[in-house]
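Have a look at the structure below, then the notes.
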Amino acid sequence: MSTAVPERPVGPKRPVELTAEPPGAGRGAGRGAVSPSRPAMPRGIGWSVRWIAALTVCQATLMVGLGLLITGPARHLWPLTAEDGVNEAFVRLRTGTLTTLSSVASQGGNTGTVIGVTLASCLALVLLPRLPMWRQAVFLAVAVSLQSLVFLVITVAVERHRPEVHRLDGSLPTSSYTSGHTGAATALYGGLALLALSRLRGPWRTVVACLLCVLPLLVGLARLYRGMHHPTDVMGGLVNGTLSLLIARRALLADGAVAAPPAPASTPTAGPARPVAPGRTAVVFNPTVTDEAGRDALRRVLEHHGHTAPVFVETTAEDPGGGQTARAVRDGAALVVVCGGDGTLRAAAASLAGTDVPLALVPCGTGNLLARNLGLPLAPADALDAALRGTPHRIDLGRIEGDGLPSTYFAAMAGAGLDAATMRRANANDRAKAVFGWPTYVLAVLRELRTPRTGLSVRLDGAPALRRTARMVLVGNIGTVQGGVTLLPEARADDGRLDLLVLDPRGIGGWLSALWTLLRGGTTAAREGSEGGAPVEFFTFRRADITFDTELPRELDGDPVTAGRHLTAEVAPGALTVLLPTREQ
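So that you can map any letter, position 518 of the sequence shown is 1012 in my numbering, and since no number is skipped, the others follow by simple counting.
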């Protein structure tokens, strides 16, 4: 039994480049507007990695060079010739009380303490605030890690004996240069001091920052007192830790981080579209995923592109973005920026559908499916900058309704069965999503694999109904989900159609076959015209009526909705205007 929709050529999934159209341009149902392009890796992450790697190499080279100078040509020059006298002076100062205090201070820079405090601080930054401070946590972890990495390189490249005095601590057979305790303490406590200055308010922030900055000095003095290092070793540790802090701060905490310097605008694709002229700009943001620092970064990007005095409007639990967007359109907004996850985007897109007001998508959620499939950078400031440098494009939306589900739009995917059960389980644990991100969905799907199959009838574009069994059906406007897994290999956001996945694996062999099919881009799956029975089937349509034999959980763009037995989905061609980066030809 076959559908009325002709079979499309089978091929591996490739990212799409959307052809620019001016606002209000008409849409056809053909697929000619789609052309392949290379997937765009988030520019901010790649730039940060390259920046850190390049400067860390320079840091290691500098520190090794100084070490070789100290142990080589300069070892007979002052002040290096006076270092032995300094170490001996500390020995003469020893008392029981000072020895105890130095032991405590030295412990502040040992490996166990540094690792423990770093882990505890990172967890606190992520778990305790209302909005997880992921950037700050990564900054602290990277600064401490860079210092340790460079320290290991130094100890291998530079050999320096410890001072010839009575030493109060045992030590590993590593070089005395540099002081690892001092370097680690500088990176850790100095990093905490920077965070205190940026996050705390009032006079206490300066006091806290100063106290934290004193700790590496105390560690260095303790190492000298205990006879473990020469003065230049301690100074080298301070320099090493400070350089690691500066590199991590520049890459991860600078304005717009994680973000690269603005790239020159590329040649636009074919079409008469032009960048959106500055006008009234509304920013609809989800406050649970967009903190004050993030909003400030977005405001700077907007002002850089001439969008002055943008109006920021929070979503609420009762209104996740639709009402705010509708009011912005009524108030004459020339551009609506949506900052949130797929749920926020869906609500805003429903209010923008059919209008000529363009949307700038700023991915701030866990899934960010539409942003991933449209090739937007995933760093918020980068995504907004790329969009404002781009041009308006028309993309499709899906319209869906069912029993207990009023007619509404979706931008990415809608599903029933295993997919919806997975979303329901993952969304039930917001803390896990905040901590682990999209891998939370992987854990959730593993726990829902035993979702029972059910019978269903599918009628596509008025053709005779198909009878199937399935564990999951998925209707998609786009094809790739978290982790880069492609579930609908031929889905395109601007092709005037929607795609349907029917998943029905049986036994271990069926699951393995289904997994292999999806990893291969669906090239071996059954498509329209088959008689069913394959672990994975794909269909394409403009309107689909799906009736299940039993009530199933359902979801729209990752948000669980009321369970039911019926879904009607149809495409709304070119319903949404989105600003997208231009591509180089």
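A virtual CB, placed ideally from N, CA and C, is assigned to each residue, including glycine.
Check	Outcome
Is it right to say S479 is buried, meaning 16 or more other beta carbons lie within 10 angstroms of its own, or is it exposed?	For residue 479 there is no data in the structure shown, the boundaries of the chain being 495 and 1079.
In chain order, what are the residue ranges of uninterrupted alpha helix (DSSP H) at least 4 long that sit wholly in the stretch 770-854?	786-798, 816-824, 836-846
Report the partner residues of D1039 according to the DSSP bridge assignment.	R953, T1062
Do V644 and A681 have their C-beta atoms closer together than 7 Å?	no
Relative to the C-alpha of L846, which candidate in D785, R656, G970, A905 has its C-alpha closest?	A905
Following the continuous beta strand (DSSP E) through G664, name the residue where it begins and the one where it ends.	Per DSSP, G664 belongs to no beta strand (DSSP E) and is neither H nor E.
According to the Cβ coordinates, are T1076 and T948 closer than 7 Å?	no
Going along the chain, which residues of its own chain have a beta-carbon closer than 6 Å to the beta-carbon of R893, five neighbours each way excluded?	Y903, E1064, A1066
Could you tell me whether the stretch 805-816 touches the stretch 864-873, where touching means 3 or more Cβ pairs closer than 8 Å?	no
Is S901 helix, strand or coil when you go by DSSP?	strand
If I'm right that E577 touches T726 with Cβ under 8 Å, what's the distance once you round it to whole angstroms?	7 Å
So C858 packs on V783, CB below 8 Å; how close in whole Å?	4 Å
Evaluate P623 with the Cβ neighbour count: other Cβ atoms within 10 Å of its Cβ, from every protein chain shown; 16 or more gives buried, anything less gives exposed.	exposed
Provide the residue span of the alpha helix (DSSP H) that contains V608, from first to last.	605-621
Using only CA atoms, which one of H655, L950, V832 lies nearest to R961?	L950
Are three or more beta carbon pairs between the stretch 728-739 and the stretch 550-564 nearer than 8 Å?	yes
If we ignore side chains and look at the alpha-carbon of each, how far apart do A514 and D825 end up?	With a pLDDT of only 38 at A514, under the threshold of 50, the placement of this residue in the model should not be trusted; the figure read from the coordinates follows. If you take the alpha carbons of A514 and D825, they lie about 27 Å apart.
Let me check one thing: in DSSP terms, what residues is F1033 bridge-paired to?	L994
Kindly indicate which three-state DSSP category A457 falls into: helix, strand or coil?	There is simply no residue 457 to check, as the chain begins at 495 and stops at 1079 in what is shown.
Can you grab the Cα-Cα spacing for the pair L562 / Q641, in whole Å?	19 Å
Given a cut-off of 7 Å, decide if G731 and T672 are closer than it, judged by their beta-carbon atoms.	yes
Taking C-beta to C-beta, are T849 and V832 nearer than 7 Å?	no
Taking only three categories from DSSP, how would you classify T963?	strand
Check for me: the beta strand (DSSP E) holding T594 runs from which residue to which?	Note, T594: premise wrong, no beta strand (DSSP E); alpha helix (DSSP H) at 590-601.
If you measure between the beta carbons of L891 and L1070, is that distance less than 7 Å?	yes
V713 and G602 - do their beta-carbons sit closer together than 7 Å?	yes
Buried or exposed for H799, please, with buried defined as at least 16 other CB atoms from any protein chain shown within 10 angstroms of its CB.	buried
Could you please give me the residues that DSSP links to L1046 through a beta bridge?	G1058
Hey, T795 and A875: beta-carbon distance below 7 Å or not?	The question names Thr, yet the displayed sequence has Val at residue 795. Cβ distance < 7 Å, so V795 and A875 count as in contact.
State buried or exposed for V1072, treating a residue as buried only when at least 16 other CB atoms are found within 10 Å of its CB.	buried
Please work out which residues of its chain come closer than 7 Å, Cβ to Cβ, to P756, disregarding the five sequence neighbours upstream and downstream, and give them in chain order.	Residue placement at P756 is poorly supported in this model, since its pLDDT is 35, which falls under 50; the coordinates still yield a value, given next. Taken in chain order, the residues that qualify are D879.
Considering only C-alpha positions, which residue in the set H655, L571, A678, P958 is nearest to G610?	A678
According to DSSP, which residues form a beta bridge with R888?	T1071
Report, in whole angstroms, the separation of the C-beta atoms of V969 and L994, which I expect to be a contact under 8 Å.	6 Å
Under the rule that 16 or more other beta-carbon atoms within 10 Å means buried, what is G721, buried or exposed?	buried
Let me confirm a value: L1074 is counted as buried when at least 16 other C-beta atoms fall within 10 Å, else exposed. Which label applies?	buried
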